[in-house]
Every structure is written in structure tokens, then in C-alpha cells.
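So the sequences go chain by chain: E and H.
Heads up: the first sequence begins at 36 in this note's numbering, then just goes up one per residue.
Heads up: the second sequence begins at 3 in this note's numbering, then just goes up one per residue.
Have a look at the structure below before the remarks.
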Amino acid sequence: MTRLIKNITAVAAIAVTGTLGLLTVTVPKKTYSENENRMLQGIPKFSWSALADGSYFSGLSSCFTDHFAFRHFFVSSDAKLASGMCERVVNGVYIGNTRLIDAKVSERGKSQLNAERIKRFAGNYSGAVYLAAVPTSSGVYSSMLPAYLSYNTEKQQIDRFYAEFDRSIRKIGAYSILKMQTDDYIFLRSDTKWTGYGAYCVYKTVIQKLGFLPSPYSKYTVRHVSDDYCGNLYNRTQYMKSNKDMLDIYEYSDGAEAESCTCYYNNGDSKSAELYDLSALDSGDKYDIYTCGTCPFMRIRTSLNNDRKLLVITDDMGRNFVPFLIQHYSEIGVVCPKKMTGRLEEYVNADDYEQTLILIGADSLDDEDMLSPLEEEEE
Amino acid sequence: MTYSSLIFIYGFLPLSLLIYHASREKYRNAVLLGLSLIFCGFCGLKCLAFTVLDTAFNFLMGHIIDTHRVRKKSGTLPLVTGIAVNIAMLFVFRAADLAELREKIGLPEGVLPVGISLFTLSAVGYLIDIYSDRIRAESDPVRFGLYMLMFPRIIMGPVLRYDSFVKILSRRKCSLAETGTGMTIFVKGLAKKVLAADNLFMLYSAVRNVKSGELAAVNAWLGMIAYVLCLYFTVSGLTDMGIGLGRCFGMHFPRCFNYPLFVSKLRYFASRWHMQAVRWFRRYISSPLSAQSSVRWIKKLIFIATWGFFGFWYTFRAGGLIWGLLLGIGIVVERKFAKLKMLNATGIIVTFVFLTVSSVFLAGDNLSASIRYLGAMVGGNRMLADSLTVYLLRSYVIILLVSVYASTDLFRNMLLRSRKHKVNSVLSAATPAIVIVLLLVCTAFIAYGGASSLSPVTL
């Protein structure tokens, strides 16, 4: 290399690193990323203890990464480059020809803790408990994954989880129902969650177990409220080779209606809400149109007067599932333990409900915090 | 903070270059030390405090040994104390069995003082050199602090003798052209780590995810070849980044790797792999011990044991020790057959196969896992290949071929041969563009997580 070339290299490299660094630091910070649908790391609060254990600098590093100039461009380029160069796994997401699939392998044995919590809850509960562990898209479409990623499938994970319970808890096999429908649009292509139709397929079996006849599909009017939804797997790769997803609302014109929906928050406040919040279509997370599960506890009172009450303990899988239950119960309590900071009884008395349905995604089974609000108070 | 992180490349590096080059020459050592302390402080004040205290301890021990240099015997005790404390610290931080002790000290899990392995070697070498009368104890604490903690060499070396380091420090020349060369070497190292090593590590991880009883032979070989290449690109990538950074600050560090993987003899591998670190083991362990005996088999035993120590230093597990011992034994046995003409033709393959097989111990979590893996490699699972083989070959064939080519000296030799040809001028003229494109591509690969953190070894 001649001296001139070396000088040009130095100037170019310093200019690129300096400019991108300067832009990262100086451009006003957003708190929320619409591309990734998550809160961004802010500048960490200074404390001597954080400085001592290194968490202050790791927070600073995360903040720099989250606000890195042109982050969206770089992350989406990563997926394009990686999928062309070697394996189609980018940031833990497998890029399939028709869909994105979560490629993280679940950890064995961790679901035992949640099983114990459910057993203790059922032991103290006066009504009947129903349990539906629902596979995510990576469980149902595991055959699309390379063999080494699909060896510990969600099917095995759910089977192991169900094996923890005796007959006092009624288990519902959502996996086999969904597995039979894989040719239909039952799971979002860019997300781990199911579509409204996927939820309906499982609802038909669940509601029969709960003692009702399911509402026929023909009675529903399906409204496609969005056809450009990009889900949580897209957020991790910023890569959209497959089509964007549709979000549907199921309306039962002659049936019961949700007369009131009240959200209860961790600080004791409550707020009236709608079953579907269409204003969320203009927000960063369009999936928030399904309001069930967006607050710690939601009480839905319907136009039915049959005095039947159901408590649903759920995660994101329940968000487009709960609306199907309105045709059968006069009151539905929707508990989202992930959103709770206190114990369950601080929000609702479970014994006020004659039945409890625990509907959780297979990806939550290993989450040690998932059902912690169900723990009893230590004496 | 690692070299291959966004905050380093786009925050710390340009800022430190600016501060360093803007400061007056006589303050540059102090500025560089200050920057190095900030770099080390990124893993927490506790780790930084340890690093600073350890540096101060070695500075002090150096002076104590130096004052007793005339009467050697009285200098032995401080030397032994110094070495023992340094080695004990290395064990406390790196040995898996001492996790409980680390917890009691209050160190965060999984956090190591940056470059603990490297600066322990530097410190021990410094104390022995003073004791052996090769050098005098350093009187300038800033210069000694730089020897121990300077951020361009703290992560992966090069491990230098103190007098060599001082020469490099005193001969440094800062210029824009030096920074240009430095950035070229840095980006080359970054590409080795991010583009080659990380993708090869994914291939190795894919194979490791399969239960050992269900692993087909071809997959096992693919996984271990990927591991060997990944190890080379990780360690040589990090040393290249360190050498490049040193060059940006005007310092010419010696290279540490010289295309060691595809060579015709194991001893060529030994002389080209992590050269400065291997030299340290030879200089401070093997040579002094060998000098004590004239018996040939004892010398060979010491040679093999030194390689064992080197392997153990990589992993702090029995597997690393076995890898090192196997290499040592391999080199000794190879010397016996050095005159065999057949080796000239088959040497590259035999050497690489030997390296691949011995690396099973370096890679394995424990001995039984390594033996099971070896079993799979020789077809113990009665499966030659399966659908995963096709998937892995289809997914990784490009990266494997490019990596194999890049780990040979073919490209360098082509450049050397074409010095007077146009192709060299064209490549030279395109260097700035190549450097920037590679830098941006690497940035894309680390943009999501903020750093390239996959690594087959932790030093």
C-alpha cells in the first residue's frame, strides 16, 4: 500500500466510525422501537453499586446498541447477508421459505416449577381447572426446521408438562388439533402466535370440555383489520421474505356482546376498555387491538344472563382467543400473570369463578416468572 | 467491552484515537493508560480494582526482586511469592471448580477481569526476567501500567517480553498512514471474528446440539473441522484486532499467527500457532527446565508437558491439558519419522486430521463427552451421514471453503508474486473501499446483539 492509500484508508475508517458513533450519541433518543416493537434501553441510572458490578457499563453498551445509527438498516441487512451466506438462522430465528420460525431450543425441566404452581393453585381452588398448553408456530411447523433444532420439540415439551398432572386437572390437547390444520392460516407467518382462525380451531374443543356447544364458524363475520402486520419474529430479524400478516376480528352479529370490559392495573387503578381497540392499528404494536391480556386483570361482563363465570389465566395466546368465550359466559375474568406485580388474590378472588381455564403458550412453560403470581403468600 | 462490539468500534475507538492524537507527546503514555483503565473498567469497578491492585503488586514485587538481585538467594522468596500470587489469581478467576470462591468475593457470575490470562503471563515473565538479570525493574509506573493493561494487547496479546515491549513503545511513530495500516489490520481481524469464526461456531453448535448417540460420522467431522477453523479465526482475529489497534497508536506489535493450520508438519503448526504465547511457555517453562538435564527422554517429557500447560492455559480444563499433551507427543513422534518421504505428500492432510481429532478434547465439556464424540467420528453410531449432513453442507459449504482458503497462505503468496503486476495496484487502490465495506458488513452482523460474543475459548 502506498502512503496515499494508507492515508485515505485512515480518513475513511475514522470518518465512518466517528460519524456513526456521533450520530448514535447525538440523535434524540426514542424510548420505543416501532420496528422491533419493544422498549429501548435508556441511559442507565448512575449508582456506585451498578458501577462496581459492571451493570452500569453493560447498560450503557445496550443503550448504545439499541440507539445505534441506522440500526434498522443494519439488522435487516444482517438477515439478508446471513441467509445468503450460510445457515438461515438469524438472531435465533429460522428464515423459512414461507414463514419465520423461532429456532430457540427450550430448556428441559424448567416447566416443572410452573406445573407445581398450577397444582397448588388447583388444590386451593373450589372450582374445576382446565389446562391448555398451546404450541407456538415453531412447535406446529417444527418439521420445517433443520433436524438439530427440532429434536426437543414443543410436542415433547407439552407432553412432559402434562405428565406432571393427575386427572383432577383436565388437560386439553391443543397440539394435535393445530397439527391437523397446518395447511390453513392458523399461525402468523412473522410471529410465534396463532391467528384468529387458529384460536377458533382450539376454542371448539376447549368449549366442549368446559361444557358448551361451540359456536359454528359460519355465524362469525371475519373482518381483516390489518394486512401488513409484522410480528415478533420479524422484529428480531427485520427480514420479510414471506408476506406480511393479516389481523382478524371475529364478530358474532346475533350473539352475546361484551357489555363492559374493565382493566385493573398494578397501582390499583381501573379503566374501562373495549374488547378490540382499533386505535392500536396506528400504534407500534398492532397486535394490541386484542385488548385481553394487555393489563394484569380484565373483567368482561357480557349480555348473557346465565350466571356462568370463567376465569382465564393466560399469556399472549389468550388475546384473540378470549373473544370466542363471550357467547357462553356472563362474566369472564382474564388474568395475565406476566403483567402482574403482586399475587393473584390482590386482583381477583378466583373462587368467585366456577371454572378456571389456564391457556398458555409452550414458550411460556419454561418461563420461571410466568405463573409466580399464583404462588401463595409465605407465612 | 470486546473489540468486536459496537460501543468499542463506534464509540471508544474513535474517541480514544482523537484524545490520544490530540494530546501532547509527553502525556501520551498517561493518556493511553487512562484509556486502558476505562476499557478494563467496563466489566465493573471490582474487576478494575483487582486489575490495578495486581499491577501494583507486580510493580512492587519487581522492585523487591531487583533490590535483591546481587544476592540471588534472597530474591528467590519474592519471586516465588510473586509467581504464586499471579498463578493463584488466574486459578481463582478461571477454574470452573472455584466458582464458589468467586461468589464469596462478590464477583459477578461469568465476569472475568479483562485479559487475566494474558497479563498473568506478562507479569510472571517480567518478574522472572528481573530475577534472571535480563532487565531492571521498571521505575516508571505509567510505563509498567501500560505493559500490563494497555487495551490494544490486553485481550489476546501478543504476549511480549518487557524489554521488547519497551522497545516497541519507545520506537512508536504516529502518523495518518500508520492509523490507516492499523485500521486495515483491525478490520481484517474483525472480519475473521465476525464473518468467519461466528458462522463456523454456529455450524459447530448445530452439531453439538445433536445427542452424541445420534451423531453421524460426517456430521461429527464437519463439526470438529468447524471448531478448529473457528478457534483459529477467533484467536487470530482478536490478535489481529489488537495488533491493528496498536498500529493506530503507532506501535508495531509482532504477529501471532502465520497460517498454521494447513502445514505439512506438526512442528510447523507449533511454530506458527499463537507464536508469542508459545514462545513464553518455551522461554519460561520448557527452556529453564530442559537446561537442568542432559537426558534426552527427560527433555522430551518436559517438551510434552510444556505443551500440556499451554493447552491447559487455553481452557483450564482437563480437555485442554490433553489437547496440549497430544500435540507435544505428536511433535515428538513426528520427529522420529521426519525423514519419511511419504510425509511430504500427505503431511498437510495428516497434520490437519491430527489437529482435528486432538481438538475434540479442547472442545469437549468433559472427557466422557469427548470420548463419545470421538466414537461418533469413527462411526461408532453406525451412521455415516443423515439428512442433517445434507442441510449442514448446503448451508455452510461456502463459508467452509472460504474459511479453508483464508486460513492458508495462498492469497498472501499470490499477492507477493504479483507485486509488479497490475492486479496488485488495483487491489491496493481498492483497499479503502474494501476496508469500509468489510467494516459495515461486520457491523450488520453484530448490530442486533451489539457485539460478537460467540467464542470457542475464553482467555
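Ideal Cβ placement from N, Cα and C applies to all residues, glycine included.
Keep in mind the model is a prediction, meaning the values are calculated, not measured.
E/Ser172 at chain H interface by Cβ criterion, 9 angstroms: As a position in the first sequence, residue 172 of chain E is number 137, starting the count at 1. Using a CB distance cut-off of 9 angstroms, E/Ser172 does not count as an interface residue toward chain H.
4 or more residues per run - each alpha helix (DSSP H) lying fully within the stretch 67 to 146 of chain E: DSSP runs (the alpha helix (DSSP H)) wholly in the stretch 67 to 146 of chain E: 83 to 88, 90 to 101, 106 to 120.
Using a Cβ-Cβ distance cut-off of 9 angstroms, determine whether E/Met333 contacts chain H. The residue labelled residue 333 of chain E in the question sits at position 298 within the first sequence. The C-beta of E/Met333 comes no closer than 9 angstroms to any C-beta of chain H.
Does chain E have any CB closer than 9 angstroms to the CB of H/Ala378? Residue numbering aside, residue 378 of chain H sits at position 376 when the second sequence is read from its first letter. The beta-carbon of H/Ala378 is placed no less than 9 angstroms from the nearest beta-carbon of chain E.
Report the partner residues of E/Gln390 according to the DSSP bridge assignment. In the first sequence, the residue the question calls residue 390 of chain E occupies position 355. E/Ala163, E/Leu345, per the DSSP bridge assignment.
What residues from the stretch 51 to 70 of chain E come within 8 angstroms of chain H, judged by C-beta to C-beta, listed N to C? Residues Val51, Thr52, Gly53, Leu55, Gly56, Thr59, Val60.
8 angstroms contact criterion, which H/Tyr128 and H/Gly64 should meet: CB distance rounded: Here residue 128 of chain H refers to the residue found at position 126 when the second sequence is read from its first residue. Here residue 64 of chain H refers to the residue found at position 62 when the second sequence is read from its first residue. A Cβ-Cβ separation of about 6 angstroms places H/Tyr128 in contact with H/Gly64 under the 8 angstroms criterion.
Reduced DSSP secondary structure (H/G/I, E/B, other) of H/Ala98: For this step, residue 98 of chain H is matched to residue 96 along the second sequence. Secondary structure of H/Ala98 (DSSP, three-state): helix.
Just how far apart, CA to CA, sit E/Asn301 and E/Thr376? Along the first sequence, read from residue 1 onward, the residue named residue 301 of chain E stands at position 266. Along the first sequence, read from residue 1 onward, the residue named residue 376 of chain E stands at position 341. If you draw a straight line from the Cα of E/Asn301 to the Cα of E/Thr376, it is about 6 angstroms long.
Expressed to the nearest angstrom, what Euclidean distance is found between the alpha-carbon atoms of E/Arg60 and E/Gly266? Residue 60 of chain E sits at position 25 when you count from the first residue of the first sequence. Residue 266 of chain E sits at position 231 when you count from the first residue of the first sequence. It should be noted that the sequence gives Val, not Arg, for residue 60 of chain E. In a straight line, the C-alpha of E/Val60 is about 29 angstroms away from that of E/Gly266.
Does E/Cys371 come out as helix, strand or coil in the three-state DSSP assignment? As a working note, residue 371 of chain E is residue 336 in the first sequence. The answer is coil: DSSP assigns E/Cys371 none of H, G, I, E or B.
CA-to-CA distance, E/Cys121 to H/Ile473, given in whole angstroms: For residue 473 of chain H there is no data in the structure shown, the boundaries of chain H being 3 and 461.
Short CB-CB distance (under 9 angstroms) between E/Cys121 and chain H: For the purposes of this step, residue 121 of chain E is identified with residue 86 of the first sequence, where counting begins at 1. Interface residue, yes.
Residues of chain E with CB closer than 7 angstroms to the CB of H/Ile401, please, in chain order. As a first step, residue 401 of chain H is located in the second sequence; it is residue number 399 there, counting from the start. By Cβ distance, chain E contributes Met120, Cys121.
Within 8 angstroms, do at least three Cβ pairs link the stretch 375 to 395 of chain E to the stretch 155 to 163 of chain E? Judged by Cβ distances under 8 angstroms, the stretch 155 to 163 of chain E makes contact with the stretch 375 to 395 of chain E, as three or more pairs qualify.
Quick one: what's E/Asp259 bridged to in DSSP? Residue 259 of chain E sits at position 224 when you count from the first residue of the first sequence. Note on identity: in this sequence residue 259 of chain E is His, with Asp being the wrong assignment. Looking at the DSSP assignment, E/His259 forms a beta bridge with E/Asp283.
Closer than 9 angstroms, CB to CB, is E/Thr37 near chain H or not? By one-based count along the first sequence, residue 37 of chain E stands at place 2. The Cβ of E/Thr37 sits closer than 9 angstroms to at least one Cβ of chain H.
Opening and closing residue of the alpha helix (DSSP H) in which H/Ala446 lies: On the second sequence, residue 446 of chain H is found 444 positions in, with the first residue counted as 1. For H/Ala446, the uninterrupted alpha helix (DSSP H) run begins and ends at 424 to 448, by DSSP.
Indicate whether the contact test is met: 3 or more Cβ pairs, each with one atom in the stretch 366 to 386 of chain H and one in the stretch 347 to 356 of chain H, closer than 8 angstroms. Taking a cut-off of 8 angstroms for Cβ pairs, the stretch 366 to 386 of chain H and the stretch 347 to 356 of chain H do not touch, as fewer than three such pairs fall below it.
On the three-state DSSP scale, how would you describe E/Ile207? Walking along the first sequence from the start, residue 207 of chain E turns up at place 172. In this structure, E/Ile207 counts as strand in the three-state DSSP scheme.
Closest by CA to H/Phe463, which one among H/Tyr5, H/Leu394, H/Phe447, H/Asp388? Since the displayed chain H opens at 3 and closes at 461, residue 463 of chain H lies outside it and no answer follows.
How about H/Ile9: is its C-beta nearer than 9 angstroms to some C-beta of chain E? In the second sequence, residue 9 of chain H corresponds to position 7, counting from 1. Yes - at least one Cβ of chain E is within 9 angstroms of the one on H/Ile9.
E/Pro408 versus E/Tyr67: straight-line alpha-carbon distance, rounded: Within the first sequence, residue 408 of chain E is the residue found at index 373, counting from 1. Within the first sequence, residue 67 of chain E is the residue found at index 32, counting from 1. Answer to the nearest angstrom: the Cα atoms are 27 angstroms apart.
Quick one: list the residues of chain H neighbouring E/Ile49, beta-carbon separation under 8 angstroms, in chain order. Counting from 1 along the first sequence, the entry for residue 49 of chain E is found at position 14. Result: Pro16, Leu19, Thr181, Met185.
Give a yes or no on whether the C-beta atoms belonging to E/Leu282 and E/Tyr255 are separated by under 9 angstroms. Within the first sequence, the letter at position 247 stands for residue 282 of chain E. Within the first sequence, the letter at position 220 stands for residue 255 of chain E. Cβ distance not < 9 angstroms, so E/Leu282 and E/Tyr255 don't count as in contact.
Can H/Ser288 and H/Ile156 be called in contact, C-beta distance under 9 angstroms? For the purposes of this step, residue 288 of chain H is taken as residue 286 along the second sequence, with counting starting at 1. For the purposes of this step, residue 156 of chain H is taken as residue 154 along the second sequence, with counting starting at 1. Taking 9 angstroms as the Cβ cut-off, H/Ser288 and H/Ile156 do not qualify as a contacting pair.
Of the listed residues H/Ile130, H/Thr69, H/Ser76, H/Glu105, nearest to H/Asn88 (C-alpha basis): Position 86 of the second sequence, counted from the first residue, corresponds to residue 88 of chain H. If you compare the alpha carbons of H/Ile130, H/Thr69, H/Ser76, H/Glu105 with that of H/Asn88, the shortest gap goes to H/Ile130.
Contact with chain H by E/Asp88, beta-carbon distance below 9 angstroms: Taking the first residue of the first sequence as 1, we reach residue 88 of chain E at position 53. So yes, E/Asp88 belongs to the interface.
Can you give me the Cβ contacts of H/Phe14 inside the same chain, cut-off strictly under 6 angstroms, excluding the 5 residues immediately before and after it? Against the second sequence, residue 14 of chain H aligns to sequence position 12. Closer than 6 angstroms at the Cβ level, and outside the excluded window around H/Phe14, lies no residue.
Applying the criterion that 16 or more other CB atoms from any shown protein chain within 10 Å of the CB defines a buried residue, is H/Arg278 buried or exposed? Translated into the one-based positions of the second sequence, residue 278 of chain H becomes position 276. One detail in the question is off: residue 278 of chain H reads as Gln in this sequence, not Arg. So H/Gln278 ends up on the buried side.
H/Met385 - containing beta strand (DSSP E), residue span: Taking the second sequence and counting its residues from 1, the one referred to as residue 385 of chain H is at position 383. Judged by DSSP secondary structure, H/Met385 falls outside any beta strand (DSSP E); it is assigned neither H nor E.
Could I get the ranges of all uninterrupted alpha helix (DSSP H) runs contained in the stretch 189 to 265 of chain H, with 4 residues as the minimum, in chain order? Within the stretch 189 to 265 of chain H, the alpha helix (DSSP H) runs of at least 4 residues that lie entirely inside it are, in chain order, 200 to 210, 219 to 250.
When you compare the CB of H/Pro434 with every CB in chain E, is at least one pair closer than 9 angstroms? Taking the second sequence and counting its residues from 1, the one referred to as residue 434 of chain H is at position 432. Chain E contact via Cβ: present.
Ordered along the chain, which non-local residues of its own chain (more than five positions away) have a Cβ less than 7 angstroms from that of H/Leu34? Here residue 34 of chain H corresponds to residue number 32 of the second sequence, with the count starting at 1. Here the set comprises Tyr22, Leu148, Met152, Phe251.
Would you mind giving the Cβ-Cβ distance between H/Phe447 and H/Asp200, rounded to the nearest angstrom? I have them listed as a contact below 8 angstroms. What you label residue 447 of chain H is simply residue 445 of the second sequence in a count that begins at 1. What you label residue 200 of chain H is simply residue 198 of the second sequence in a count that begins at 1. Contact flag correct, Cβ pair sits at about 7 angstroms.
Over what stretch of residues does the beta strand (DSSP E) that includes E/Asn337 continue unbroken? As a working note, residue 337 of chain E is residue 302 in the first sequence. For clarity, residue 337 of chain E is Thr in the given sequence; the question names Asn instead. Here the beta strand (DSSP E) through E/Thr337 covers 332 to 337.
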